[in-house]
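Numbering that gives the first Met the number 0 numbers the first residue of the sequence shown as 0 and each following residue consecutively. From the three backbone atoms N, C-alpha and C, an ideal C-beta is built for every residue, glycine too. Written out below as structure tokens is the structure these notes cover.
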Amino acid sequence: MKYYSTNGKVEPVSFKEAIFKGLPDDNGLFMPQEIPSLPSSFFEEISELTLPEIGFEVIKQFIDGEIQDIELKSLIEDVLSFNIPLKKIKNGVYALELFHGPTLAFKDVGARFLARSLSYFTKQEDKKLTVLVATSGDTGSAVANGFYNVPNIDVIILYPSGKVSKFQEQQMTTIGGNITALEVDGTFDDCQKLVKDAFLDEELKSALNLTSANSINMARLLPQSVYYFYAWAQLSEEEKKNAVFSIPSGNYGNLSAGLIAQRMGLPIKHFLACSNTNDTVPMYLWNGNFEPKASVATISNAMDVGNPSNFVRMLELFNGSHSKMSESITGYAYTDESTRQTIQKVYALTGYILDPHGAVGYMGLIDYLKIANGTGIVLETAHPVKFNQTVEEEIGMKVALPSHVESTNLKKRSIPFEKDFKGFKRFLLALSQTY
Ligand SMILES: *Cc1c(COP(=O)(O)O)cnc(C)c1O
């Protein structure tokens, strides 16, 4: 299996090359050259399979022997060692809880798979790798946790000082070991600029093996297809016939992974692309014009993206056709005010506690089910405790931290940094001296 660039100006590469590079040199995105169909026998027995067993069947199609089956199996067992339960909110409406991993968001799935895949290859070659990641919060936590103690890999996280939540900062800065957190005096965009400049710097490129743990990396996307199969497997035979997935979206990695699952033969009836007021993709679905804008801050802040990077992959999957895409996906966008009302109302009526991202997906589903039939599954992308301030204001009670997440008293260890590339480069060159 080879991976091609959506810009088509470079030769296709192996899985290994695709995940080490992250981005092709022509600035496109990698896509698998072929999306294999799974046999009908797989769908007949899927309800008997565990999450890691489904994961192995799905992911091995794209690895094509580059990681040996036995190793891939144990790698996937390790990545998917937490449950992803499908919980009923009310008749015909389910929440797929993707937040039972160590950092309480679905990004754990992709970050852990990327970390372990990279490590599989670096171990073989005894190669040192430096991962750079700019974050507005969630990605940094998941990457820090996923890469902690992975041999031969150092991770440098850049986050904007004072602009991430306490919980997120703790998860990035107290872990130590091979994880270094740089607290940048600037915005998320400044952090991202530093990382981009580092990838363009010839001196750095020859001194270090640099890679990115950003969501454009194929290894973050592929394992996300797995939970669509797992969710579907838990429905009744009747419900399986008209499953509708509602996806609260920002960079549209989750939705792209769902489309890949569908192309592999999973009979998904329809997708809902749900956003907050950052509605670039829903707008495209409504009127056919893709017009990226500056992002606007909302209470579902992991979806505050004005120019979603995975849109290119969505287009590729529909051969660039707006009409084909809008037959499969309906777009919805909601304000913070209606998100808050939904958290309150759903809790009052059903006892289920939605986080602000899940609430956006829930609204899309309810609006869709007013005009069409279906069994609805909302991807619940984060635990409500991660956004406890908003959630507690709406439900009028405290949300407890799950028992598997320790509230840590460990000391914050971050290195204060100016948003200045020269200093960042000096820091990275000094790091390369220690190898
Ligand atoms: C990252 C994130 C999203 C957006 O996911 P995409 O794959 O980028 O569309 C939604 N909800 C939460 C909680 C997230 O952390």
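- When the beta-carbon positions are compared, Lys-59 and Leu-50 stay at least 9 Å from each other.
- About 6 Å separates the CB atoms of Asn-241 and Thr-374; that is less than 8 Å, so the two are in contact.
- Ligand 1 has no heavy atom closer than 8 Å to the beta-carbon of Gly-139.
- Ligand 1 approaches Asn-250 closely enough that one of its heavy atoms is under 8 Å from the residue's Cβ.
- Taking 9 Å as the cut-off, the beta carbon of His-403 is found closer than this to the beta carbon of Pro-101.
- The alpha-carbon separation between Tyr-229 and Asn-177 amounts to approximately 33 Å.
- Using a 10 angstroms sphere on the CB of Tyr-434, the tally of other CB atoms stays under 16, which defines it as exposed.
- According to the DSSP assignment, Thr-210 belongs to no alpha helix (DSSP H) but to the beta strand (DSSP E) extending over 209-211.
- Of all alpha-carbon atoms in Pro-415, Leu-430, Ala-429 and Phe-420, the one lying nearest the alpha-carbon of Leu-181 is that of Pro-415.
- Taking 9 Å as the cut-off, the beta carbon of Val-225 is found closer than this to the beta carbon of Leu-79.
- Shown here, Asp-184 sits in a strand according to DSSP, grouped into three states.
- Where Thr-338 is concerned, there is no enclosing beta strand (DSSP E), although the alpha helix (DSSP H) around it starts and stops at 335-349.
- The nearest non-hydrogen atom of ligand 1 is less than 8 Å from the C-beta of Phe-105.
- Within the chosen limit of 8 Å, ligand 1 reaches the beta carbon of Val-304 through at least one heavy atom.
- Between the segment 128-137 and the segment 84-96, the count of C-beta pairs closer than 8 Å stays below three; the two stretches do not touch.
- Beyond the five residues adjoining it in sequence on each side, Gln-343 comes within less than 8 Å, by CB distance, of Glu-393 and Ile-394 in the same chain, given in chain order.
- If you look at Thr-129, you'll find it in the beta strand (DSSP E) that goes 128-133.
- Taking C-alpha positions only, Leu-234 is separated from Lys-86 by approximately 11 Å.
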